[in-house]
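As structure tokens, this is what we get:
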């Protein structure tokens with residue numbers, strides 16, 4: 008019970024901090040009638056302010072939140088950066104789904120390269136915070152809630168202990184097990200935190216690259232119809248190919264290097280029909 012109470016206290020404190028940060032917005036830019044950064048106009052930012060700040064869950068909400076944050080970033084770049092980093096770490100630390108939309112938001116706000124660097128750093132730091140929270144408060148609960156998945160993953164980690172870092176990279180590059188579960192289970196599996204940190208940073212670069220570049224592309228269009236053009240389609244295809252090529256090469260040698268028998272794409276043992 009003490010572990011649950013401690014975790015709830017951490018969640019409550021982080022939630023209160025994020026609420027205060029998002030509720031007391033600084034004054035907007037003074038030149039409301041003029042175009043502001045990236046061509047956003049006052050009416051676009053006004054629509055976003057009416058809806059308020061929240062985690063985006065679809066492309067429409069992503070557009071609205073990007074408009075609001077670009078509006079404030081014109082004169083409050085430090086505040087927007089602090090707010091974005093805090094929201095990203097909150098999601099990662101507490102294993103809340105939806106990082107892909109925040110990655111796309113990073114591309115829309117900060118551009119493809121700065122956004123990629125930011126996404127990689129925040130993903131790694133947030134995942135490491137999740138690691139420490141699980142280590143401090145949740146190891147026994149992870150085992151209790153997911154006994155089969157933990158047992159299978161423990162078996163695979165021990166079988167691949169001699170090449171553990173590359174095995175962890177493989178798990179990050181391919182959906183053998185969800186990233187949020189791997190973050191929480193790593194302390195149970197006795198994965199060293201330095202190895203965990205490096206495997207997250209390197210292993211999620213292709214995923215972050217695709218999301219951030221997609222967000223940068225989507226920020227340049229005025230409607231969803233603009234996505235379905237040959238130029239945009241080819242650009243998105245090139246992004247995907249560039250990011251997935253290293254993954255494809257690693258996957259080709261994975262089955263000869265790693266012991267993966269019984270580990271399926273959802274991290275569970277395959278089901279066998281009874282005879």
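Residue numbers (our numbering): 8 to 282.
Virtual Cβ for every residue (Gly too), placed ideally from N, Cα, C.
What you are looking at is a predicted structure, and each value in this text was computed from that prediction instead of being measured.
Span separating the alpha-carbon of residue 168 from that of residue 162:
10 Å
Count the other CB atoms within 10 Å of the CB of residue 111; is the residue buried (16 or more) or exposed (fewer)?
buried
Name the residue from 21, 98, 157 and 89 whose alpha carbon lies nearest to the alpha carbon of residue 64.
98
Does the distance from the CB of residue 29 to the CB of residue 145 come in under 9 Å?
no
If you run the structure through DSSP and keep just helix, strand and coil, what is residue 67?
helix
If I follow the unbroken alpha helix (DSSP H) through residue 215, where does it start and stop?
212-225
Within 8 Å, do at least three Cβ pairs link the segment 191-202 to the segment 128-147?
yes
Should residue 156 go down as buried or exposed, given a rule of 16 or more other Cβ atoms within 10 Å for buried?
buried
Label residue 147 either buried or exposed according to how many other C-beta atoms from any shown protein chain fall within 10 Å of its C-beta, with 16 as the threshold for buried.
exposed
Run through DSSP, which three-state label would residue 82 get?
coil
Measure the C-alpha to C-alpha separation of residue 121 and residue 166 and round it to an integer number of angstroms.
38 Å
Three-state secondary structure (DSSP) at residue 203?
helix
Separation of residue 31 from residue 211, as counted between CA atoms:
33 Å
Rounded to the nearest angstrom, what separates residue 125 and residue 152 at their Cα positions?
33 Å
Would you report the Cα separation of residue 217 and residue 80, rounded to the nearest angstrom?
24 Å
Between the CA atoms of residue 149 and residue 95 - distance to the nearest angstrom
23 Å
Cβ-based neighbour list, residue 18, same chain, cut-off 7 Å, excluding 5 preceding and 5 following:
101
Three-state secondary structure assigned by DSSP to residue 61:
coil
If you draw a straight line from the C-alpha of residue 92 to the C-alpha of residue 113, how long is it?
10 Å
At the level of alpha carbons, what is the spacing between residue 76 and residue 158?
44 Å
If you draw a straight line from the C-alpha of residue 195 to the C-alpha of residue 33, how long is it?
43 Å
Mapping the DSSP letters down to three states, classify residue 110 as helix, strand or coil.
helix
Using a threshold of 9 Å, state whether the C-beta atoms of residue 115 and residue 226 are closer than that.
yes
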